[in-house]
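Working notes, beginning with the structure itself.
Protein chains in written order, with this note's numbering: chain A, 52 to 486; chain B, 8 to 444.
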C-alpha cells in the first residue's frame, strides 16, 4: 500500500488497506469486519496532528466522503455535520442560516472529528476549545455498533467522548451549538514583551480573543486582539484585510522622534490630525475587520513541528521567563515564535482545559531542524508547572504521566473497555498514552 | 580570460600559495616588458595571480559560496570571469544604478545583485520598481524604517512589477562592556540594527508596506559585515617593531573576542528574524575573515572582493597572503635631483582614514620611496632612492595600490597579463563610461 504522511511530513505509515466509505453503514460494516478478523482500523482526517495519533498498520478509513451539513435547527442554533467535514468548509455551510462556530483555531484544514478528538482550540478566556461546542456525537464503536451520545443520551459516554483521541469510536456525525454570524475586528501590533506579560490577565478579561507571539532572542511580542461585533457593526473605518493599512513598526513608538512629534503637536494643535495620521502610518498597527472565520484562520505555508502545553493561566509569565532563560543558557537558536493563547475551563474528561482556566504555550521548530533538545527542555519546564500536552502535538509523556494530569483518565479507559473491547482502534500512540 | 582563470584556480584551492609569494616581485619585471609598447599611466591585472587569489578565497571559504564585492573589482569582464568559477555566486554591488546596469547586461551573468549600501536615488528606485527583470535580480539594503518610508513615498505613484527585494543590514561592530558599562564601539558605523528586537521590528515593518493588495517589499536576506575583523590588519607593519608587536597582540585579542560576540549575536538575530519571514541568504564576512565567518552556521554565504586583487592593505594579515594581481605604472617625467625621479600622476590614494597605509607603494624598480613632505600627488609624484639613477625619462615605475577597487577609477582598462605575456585588456567601469560614486 502507498505511504501516508501527516501535514508536517514527519509522521508516516503504510496502512494494510485504505477505504473511503460514503455512509455510516459502510463504516460500521468495515469496523465489524476488522473486529471479527482481529485487525485494527483508524480513521484519519487531514493529518494535521504532529504526533503519531493517526498512524496505523491496519485499515485506514478516510472520511472525506462522509462530509457536509446534515441538519440545521435555526431556532436552537444547532447544526449536525458529517464527521469528515473539514473546518474550512463549515462557514459556507452555515452562512445561509446566519450561523457561525463560536470560536476557532488559526488552522482550518482539520476535519471536525479530528479537531474535537485531539482537543483543538482557539483563544479567548470566555470560550472553550472546539469540543465544548459539541452537543451530540454519533459514534461507530469498536464492535461496529452505531451509538449516539449527548448530555441526556449516554451522558457517561458524552463526558469522555468529545476529546476521545480516536480511542472510543469513529465520529461520523457531530452536532454543534452555533452562534449568530458575527464579525471580528482584529488589531495586531508588536509590543514590548514585558508589558504584554504584565497585563495578560487584564487583556484576557477585556478582550474576546487575545493572543500573542513572543519572538525568541528578542523582547518583542506580536499581539493579536480580536473583538466580536454584529454583522455590519464593525467600528467606523475598519476594513477587510485586502485594504489593510501598513503593518507594524513599534520602533518609533518608543523613539524620540515620535515623542518629539507629540510635543510639537501640543504646541500646534492644528497639525494634530496630520501628525496622528503620519504616526499611525509609521507605527503601522495592522488593523482590519471581516467575518469571523476569515479572521480566525491564517495560512501556514512553512512546515514546522509543534509542541503545545496547557498550563494554569497564572503560570504563563513564569513559564515564559523560564523558557527565555533556558533558550539563552543552552544557546539554542529558535526561528519560530512562541505562541500564547487562553481558554475557559471545561468539563470534558481529557480536554487540556479540563476543570481549569488555561493558558496555552505553543513552541515550534522548522521541520528540517531537530526539535529534540528544545522540545525536551521546554517540556521539563511545562511539566514542572502541571502542564498538559495537546494530544495532537509533540510531547514525550506516557500513560503514568497522564494519570496524574487527568483524574478522569481511569473513567475514560473503562468506557473504552466497553466500547472497544477488542482494541480495534489501538495504535502505538494510544498504547503509549492510555492505561 | 575565463579559460585562463579556470586553469589556475585549482592552484589556489590546493594551497600552493607560498611558492607564488616568493616569486611575486618577478611579475613587475615581466609586466614592464609586456607593456613596453604602451603609454603610462596604465594598470595591469595578472590573471595567474588573480586565479591564485580566487582559489585561495574558495579554500578559506570552506564550501560556502562567495558573493563578489563589485566595488573591489569595478570591471564587468573581470566580474564575469570570477562569477563563472564554481564557488562564486552573486554580486555585492555598491549603488543601485550600478546594479541596474549589471542586471541589464546582455550576458545575463549578473542575476543576483545585492546592493550593499542603502539607496536614496529616486530615479533609480523607480526604474527598478517598474522593471520586472531588475526586480527579480536586485536586492536593496535597509536598516531603518526611515528608509522604508522614503522608498514607499518614492514609489507611491507607480505599481512595482513585483515586491522590492530587501536585505537587512545588521551592525556587526563590537561594543564591549565591563560591569554593564559600554567601553566603546569597535568596528564601523553602518546600521542601527543590533538586536533581535531591532531586527524583528524592522522585519515586521517591511511586511506591512503594501501597494494596493500586494506587498511592496520582501525581506530576503540579512547581511552582517565584521569590518573590525575582515577589514583590519592584525599584524601592522609601521616600522616600529615593538609597537607593532604590541598592537598586533591587542588587535588579535580584540578580533577573537569580537568574533565570538558576533557569532553569538548574529545567530540569535537570524533566528529571531526567521520567526517572521523566510530568508534566502545570510551574508557575512569579507576577504579578511572568510575562514572565521564560514564557521558560523547561521551564515549561508560570504562576501569577498578585494582579496582577488591583493592590494597592500592585505600585507598585514596573519591569516593569509594574497598574490599581487594588480599594479599600475606611471612614467618618469622629471629628475629633480640625482637620486630622485618624478613620475606623472601616482596619487592613486585609497579611501579611509588618511594615512601612509592608504598611499600606493612603489615596487619596481626596487628601492624607490615617496617623499614624506609630498606623498603621492594628484598629477606628479617625486620618488627618492638609489634606483632613480637607473631610470630614464619615459621609463615606467610600478606601484601597488592600497585598496582594491579605486584603482580602476583611474584607467579605462586593465591590461591582462598571463605568464609575462600581455593577452588582452578588460574594460573598467570607467572605460565603459560609468562612474557610480
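Cβ atoms here follow ideal geometry from the backbone N, Cα and C, with glycine treated the same way. Remember, predicted model here, so these are calculated numbers, not experimental data.
Unbroken alpha helix (DSSP H) run spanning residue i, endpoints
| i | result |
| --- | --- |
| residue 226(B) | It is not in any alpha helix (DSSP H) - residue 226(B) instead sits in the beta strand (DSSP E) that spans 224–231. |
| residue 480(A) | 479–484 |
| residue 62(A) | From DSSP, residue 62(A) is part of no alpha helix (DSSP H); its letter is neither H nor E. |
| residue 62(B) | 54–68 |
| residue 158(B) | 152–161 |
| residue 298(B) | 297–300 |
| residue 462(A) | 460–470 |
| residue 406(B) | From DSSP, residue 406(B) is part of no alpha helix (DSSP H) but of the beta strand (DSSP E) over 403–407. |
| residue 396(B) | Unbroken run through residue 396(B): none, as it is neither H nor E. |
| residue 316(B) | 313–316 |
Expected contact under 8 angstroms - CB spacing of residue i and residue j to nearest Å
| i | j | result |
| --- | --- | --- |
| residue 100(A) | residue 438(A) | With a Cβ gap of about 18 angstroms, residue 100(A) and residue 438(A) do not count as contacting. |
| residue 181(A) | residue 172(A) | 6 angstroms |
| residue 93(A) | residue 105(A) | 6 angstroms |
| residue 435(B) | residue 419(B) | 6 angstroms |
| residue 150(A) | residue 130(A) | 7 angstroms |
| residue 360(A) | residue 440(A) | 6 angstroms |
| residue 271(A) | residue 239(A) | Contact flag wrong, Cβ pair sits at about 13 angstroms. |
| residue 326(B) | residue 298(B) | 6 angstroms |
| residue 484(A) | residue 450(A) | 6 angstroms |
| residue 400(A) | residue 463(A) | 5 angstroms |
Assigned exposure category for residue i - 16 Cβ within 10 Å defines buried
| i | result |
| --- | --- |
| residue 196(B) | exposed |
| residue 53(A) | exposed |
| residue 220(B) | exposed |
| residue 430(B) | exposed |
| residue 149(B) | buried |
| residue 247(B) | exposed |
| residue 308(A) | For residue 308(A), the pLDDT reaches just 35, beneath the cut-off of 50, and the residue's location in the model is therefore unreliable, although a value from the coordinates is still provided. The residue is exposed, with fewer than 16 neighbouring Cβ atoms inside 10 Å. |
| residue 192(A) | buried |
| residue 175(A) | buried |
| residue 386(A) | buried |
| residue 192(B) | exposed |
| residue 45(B) | exposed |
| residue 365(A) | exposed |
Distance, residue j Cα to residue i Cα
| i | j | result |
| --- | --- | --- |
| residue 170(B) | residue 100(B) | 20 angstroms |
| residue 281(B) | residue 228(B) | 10 angstroms |
| residue 186(A) | residue 201(A) | 6 angstroms |
| residue 190(A) | residue 222(A) | 5 angstroms |
| residue 295(A) | residue 158(A) | Because residue 295(A) sits at a pLDDT of 32, beneath the cut-off of 50, its placement in the model cannot be relied upon, and the following sentence gives the value as read from the coordinates. The alpha-carbon atoms of residue 295(A) and residue 158(A) are separated by roughly 21 angstroms. |
| residue 319(B) | residue 253(B) | 21 angstroms |
| residue 303(A) | residue 210(B) | Residue placement at residue 303(A) is poorly supported in this model, since its pLDDT is 29, which falls under 50; the coordinates still yield a value, given next. Approximately 14 angstroms, taken between the alpha carbons. |
| residue 365(B) | residue 136(B) | 38 angstroms |
| residue 323(B) | residue 230(B) | 25 angstroms |
| residue 472(A) | residue 370(A) | 41 angstroms |
| residue 6(A) | residue 218(B) | Lying outside 52 to 486, the shown extent of chain A, residue 6(A) is not represented and no answer is given. |
| residue 160(B) | residue 138(B) | 18 angstroms |
| residue 154(B) | residue 127(B) | 8 angstroms |
| residue 152(A) | residue 257(A) | 21 angstroms |
| residue 362(B) | residue 151(B) | 32 angstroms |
| residue 249(A) | residue 368(A) | 8 angstroms |
| residue 200(B) | residue 95(A) | 47 angstroms |
| residue 288(A) | residue 411(A) | 33 angstroms |
| residue 419(A) | residue 39(B) | 57 angstroms |
| residue 206(A) | residue 403(A) | 20 angstroms |
Chain C within 8 angstroms of residue i, Cβ atoms only
| i | result |
| --- | --- |
| residue 387(A) | The displayed structure is made up of protein chains A and B, and chain C is not among them. |
Limits of the unbroken beta strand (DSSP E) element including residue i
| i | result |
| --- | --- |
| residue 358(A) | 355–363 |
| residue 89(B) | From DSSP, residue 89(B) is part of no beta strand (DSSP E) but of the alpha helix (DSSP H) over 83–90. |
| residue 158(A) | Segment: none, residue 158(A) is in no beta strand (DSSP E) and carries neither H nor E. |
| residue 290(B) | 288–291 |
| residue 389(B) | 387–391 |
Residue i beta carbon near the ligand NAP (any heavy atom closer than 7 angstroms)
| i | result |
| --- | --- |
| residue 251(A) | As far as ligands go, the structure on display features none, and thus does not contain the ligand NAP. |
Review point. For the region 109–128 of chain A against the region 73–88 of chain A, are there 3 or more C-beta pairs whose distance is under 8 angstroms?
Key: yes
Review point. For the 8 angstroms Cβ check, are there 3 or more pairs between the region 144–159 of chain B and the region 99–117 of chain B?
Key: yes
Review point. Do three or more CB pairs link the region 337–353 of chain B to the region 298–306 of chain B at distances below 8 angstroms?
Key: no
Practice item. Mind the definition here: the region 406–417 of chain B touches the region 323–340 of chain B only if three or more C-beta pairs lie below 8 angstroms; say whether that holds. Key: yes
Review point. Using 8 angstroms as the threshold, is the region 260–269 of chain B in touch with the region 202–216 of chain B, meaning 3 or more CB pairs across them?
Key: no
Review point. Counting Cβ pairs closer than 8 angstroms, one from the region 378–390 of chain B and one from the region 287–296 of chain B, do we hit at least three?
Key: Not touching, per the Cβ criterion.
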